[in-house]
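Trainee: For the sequence shown, the positions run 1 to 199 when my numbering is used. Can you read through this structure? Questions will come right after.
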Amino acid sequence: MPLAASIQVKISSEAAEAVALTPVVVRDMPLAELMEILAAAAASDPERVRDLLKRGVVVSGASRFRWQPFDCAIEDVAAALELIPKPDPSLPFAPGRCVRVAVLAGSRRWDLTREAASRKRVLHRLLLRSSFWDRLVAALPTPAYVTYSIKDRADVYRLELDEEGRRALQAAASLLPYSSLSAELRCTHLTTIEWLVKR
1 MPLAASIQVK
11 ISSEAAEAVA
21 LTPVVVRDMP
31 LAELMEILAA
41 AAASDPERVR
51 DLLKRGVVVS
61 GASRFRWQPF
71 DCAIEDVAAA
81 LELIPKPDPS
91 LPFAPGRCVR
101 VAVLAGSRRW
111 DLTREAASRK
121 RVLHRLLLRS
131 SFWDRLVAAL
141 PTPAYVTYSI
151 KDRADVYRLE
161 LDEEGRRALQ
171 AAASLLPYSS
181 LSAELRCTHL
191 TTIEWLVKR
C-alpha cells in the first residue's frame, strides 16, 4: 500500500517506573515525523525501515510508538527517507539557532538546553551580567561541523577544547545557577563541547 500523509500512532512511556502510570497518547503523526524516528532507529536503511513499518512498533528514547502494521513498496520508503535532511558541512555555525549544548569529559557528558544554560544566578540578573550561554558563545572559537542528527533533528557542531578553551569554559561554569553542576564542570578535565543547531 502507498504511504499515507499521516499515520495514527499510539505513544507510551518505556520508563520502567512509568509503565503503569503514564497514559497512552494517540495522535495522527505526519509521515515525515514518523520516518525521522524510524530512520534514526534503522540507520536510514530502506529495508530495515520497511520491516519496522510491517512490525508496527519502534522504541525511541523513553517512548514506544505503535501503529497498525502495513506493507509498502521499498521505492516509497526510499523516497520518503530522501526527504529527511542530510548532513551539510557547508552550513556555518549559527548560535542563534542552537537549542542544546553538551559538555564532555571522556565518557562523562552534561547536556544543557539553551533555556537552562541561559539562566542566571539571582545576583547576576540584578547586575545584568552574562549567562553561561552568553559566555560560551562569546569566549569559545567557532566549532566544526560534524553531521546531521536525525534523532535530534539538528546539525551537530563540535569543538575540541585546548587549555585556553577549557579555562574559558570552566570560568563560564561559575555563572550557572546550579551549584553542583557548576562545581563539577569547574573541577573536571573537560575535553569537548557539542552544539545542536536547528535548521
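Even glycine gets a Cβ: it sits at the ideal position worked out from N, Cα and C.
Let me make sure I understand the geometry here. Which of 133, 170, 26 and 31 has the alpha-carbon closest to that of residue 6?
Mentor: Nearest of 133, 170, 26 and 31 to residue 6, Cα basis: 31.
Trainee: Taking the Cβ atom as the reference point for each residue, do residue 115 and residue 59 lie within a distance shorter than 8 Å?
Mentor: It is not a contact, given that the beta carbons lie outside the stated cut-off.
Trainee: Measure from the alpha carbon of residue 8 to the alpha carbon of each residue in 57, 168 and 166, then state which is nearest.
Mentor: For the residues 57, 168 and 166, the minimum Cα distance to residue 8 belongs to 57.
Trainee: To test your reading of the DSSP string, which unbroken beta strand (DSSP E) runs of 3 or more residues are found completely within the segment 68–144?
Mentor: Within the segment 68–144, the complete beta strand (DSSP E) runs of at least 3 residues are 98–105 and 108–113.
Trainee: Our contact map puts residue 50 next to residue 77 with C-beta atoms below 8 Å; I'd like the distance itself, whole angstroms only.
Mentor: Going by Cβ atoms, the distance from residue 50 to residue 77 rounds to 5 Å, so yes, they are a contact pair.
Trainee: Taking just the CA atoms, how far does residue 194 sit from residue 166?
Mentor: Between residue 166 and residue 194, the C-alpha separation is close to 13 Å.
Trainee: Could you check whether residue 144 and residue 84 sit closer than 8 Å to each other, using their CB atoms as the reference points?
Mentor: Their beta carbons are not under 8 Å apart, which means residue 84 does not touch residue 144 by this criterion.
Trainee: Count the other C-beta atoms from every protein chain shown that fall within 10 angstroms of the C-beta of residue 150, then say buried if there are 16 or more, exposed otherwise.
Mentor: By the 10 Å Cβ count, residue 150 comes out buried.
Trainee: Would you please state the rounded distance, in angstroms, between the beta carbons of residue 156 and residue 196? I believe it to be under 8 Å.
Mentor: With 8 Å as the limit, residue 156 and residue 196 qualify as a contact, their Cβ atoms being about 6 Å apart.
Trainee: Whose C-beta lies closer than 8 Å to the C-beta of residue 89 among residues of the same chain, with five residues either side of it excluded?
Mentor: Excluding residues within five positions, the ones whose Cβ falls inside 8 Å are 145.
Trainee: Shortest alpha-carbon distance to residue 159 belongs to which of 175, 137, 129 and 153?
Mentor: Answer by Cα proximity: 137.
Trainee: By the DSSP assignment, the beta strand (DSSP E) with residue 7 in it spans what residues?
Mentor: Taken as a continuous stretch (DSSP letters only), the beta strand (DSSP E) holding residue 7 covers 6–13.
Trainee: Is residue 172 close to chain B, meaning its C-beta is less than 8 Å from at least one C-beta of that chain?
Mentor: Included in the structure is just one protein chain, with no chain B present.
Trainee: Tell me the residue span of the alpha helix (DSSP H) that contains residue 30.
Mentor: No alpha helix (DSSP H) contains residue 30, which is instead part of the beta strand (DSSP E) from 25–30.
Trainee: Suppose you measure from the CA of residue 164 to the CA of residue 28; what does that come to, to the nearest Å?
Mentor: Residue 164 and residue 28: Cα-Cα distance of roughly 49 Å.
Trainee: With C-beta atoms as the reference, is residue 169 less than 8 Å away from residue 103?
Mentor: Their beta carbons are under 8 Å apart, which means residue 169 touches residue 103 by this criterion.
Trainee: So, residue 99 versus residue 10, is the Cβ gap smaller than 8 Å?
Mentor: No. Outside cutoff.
Trainee: Can you give me the C-alpha to C-alpha distance between residue 179 and residue 33, rounded to a whole angstrom?
Mentor: Using only the alpha carbons, I get a separation of about 37 Å.
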